[in-house]
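Worksheet for the structure shown next.
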Amino acid sequence: MDYSGFLANIAILVLAGFIGFAVISKVPNTLHTPLMSGTNAIHGIVVLGALIVIGTIEQPSLLTQIICFVAIVFGTVNVIGGFVVTARMLTMFKPKTAAARQNLGDN
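Residue numbers (my numbering): 118 to 224.
Shown next, in the form of structure tokens:
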């Protein structure tokens, strides 16, 4: 049995994990939330890929259906969560209205 392809894929996965950790750990705290909320939208690719896989297989097995369903659900939750975090973050930068400042006692 030839495991060279499998071992190469495992090596790429491990190296990608180390590189990803090294890159993300260098991001300042002030940029971490906008960066991560923006990149969560990339999970739309996971959703699209799972839909394509489930749509192109003629007789998908139960395991394939379950894996695609989980990928679609998790990817959708991540995409929506990323946009919700981005929207909440952007509201922090909106100027306060005059009535809100007066209620808070700010002049």
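Just so it is clear, CB atoms sit at the ideal spot from N, CA and C, and this is done for glycine as well.
This one's a predicted model, so the numbers in the text were calculated from it and none came from an experiment.
Exercise. Any contact of the segment 168-181 with the segment 201-210, i.e. 3+ C-beta pairs under 8 Å?
Worked result: no
Problem set entry | Residue of GLN176, PHE186, SER121 and PHE135 minimising C-alpha distance to VAL168 | Within the sequence shown, numbered from 1, the residue matching residue 168 stands at position 51. A small correction: the amino acid at residue 168 is Leu; Val does not occupy that position in the sequence shown. Answer by Cα proximity: PHE186.
Exercise. Which whole-angstrom value is the C-beta distance of GLY166 and VAL196, which I expect to be below 8 Å?
Worked result: In the sequence shown, the residue the question calls residue 166 occupies position 49. In the sequence shown, the residue the question calls residue 196 occupies position 79. That belief does not hold up - the Cβ atoms of GLY166 and VAL196 are roughly 13 Å apart, past 8 Å.
Exercise. VAL164 and THR193: beta carbons closer than 7 Å?
Worked result: Walking along the sequence shown from the start, residue 164 turns up at place 47. Walking along the sequence shown from the start, residue 193 turns up at place 76. Cβ atoms of VAL164 and THR193: closer than 7 Å.
For this session: In angstroms with no decimal places, state the Cα-to-Cα distance between GLN176 and PHE123.
Result: Counted from its first residue, the sequence shown places residue 176 at position 59. Counted from its first residue, the sequence shown places residue 123 at position 6. Rounded to the nearest angstrom, the two C-alpha atoms are 26 Å apart.
Exercise. Do LEU152 and VAL144 have their CB atoms nearer than 7 Å?
Worked result: Taking the first residue of the sequence shown as position 1, residue 152 is located at position 35. Taking the first residue of the sequence shown as position 1, residue 144 is located at position 27. Yes.
Exercise. When the Cα atoms are used, what is the spatial distance from ILE136 to ASN157?
Worked result: Locating residue 136 in the sequence shown gives position 19, where the first residue counts as 1. Locating residue 157 in the sequence shown gives position 40, where the first residue counts as 1. In a straight line, the C-alpha of ILE136 is about 18 Å away from that of ASN157.
For this session: Could you check which residue in GLY198, LYS213, ASP119 and PHE210 has the C-alpha nearest to that of ILE159?
Result: By one-based count along the sequence shown, residue 159 stands at place 42. Considering only alpha carbons, the answer is GLY198.
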